[in-house]
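Encoded as structure tokens, the structure appears first; notes follow it.
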Amino acid sequence: MAALLERECTFCGNELDEKETYCDECGMDVEEDTEEEK
Numbered sequence: 001m002a003a004l005l006e007r008e009c010t011f012c013g014n015e016l017d018e019k020e021t022y023c024d025e026c027g028m029d030v031e032e033d034t035e036e037e038k
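Counting in this note's numbering, the sequence shown runs from 1 upward without gaps.
What follows is the structure in structure tokens.
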């Protein structure tokens, strides 16, 4: 398993670093991964 938490931008799918909160690809702020659909 990878040591880093690799995440993807929820808007464009670009790979983000562990603590990155801003996506360089689409310019959107990426929140913590919360899969809460209300």
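Heads up, the beta-carbon is just placed ideally off N, CA and C, and yes, glycines get one too.
Proximity of residue i and residue j at Cβ, strictly below 8 Å
i, j, result
"residue 9", "residue 16", "yes"
Residue i in three-state terms, based on DSSP
i, result
"residue 12", "coil"
"residue 1", "Note that residue 1 has pLDDT 45, beneath the 50 cutoff, so the model's placement of it is unreliable and the number below is only indicative. DSSP places residue 1 in coil when its eight states are reduced to three."
"residue 17", "coil"
"residue 29", "strand"
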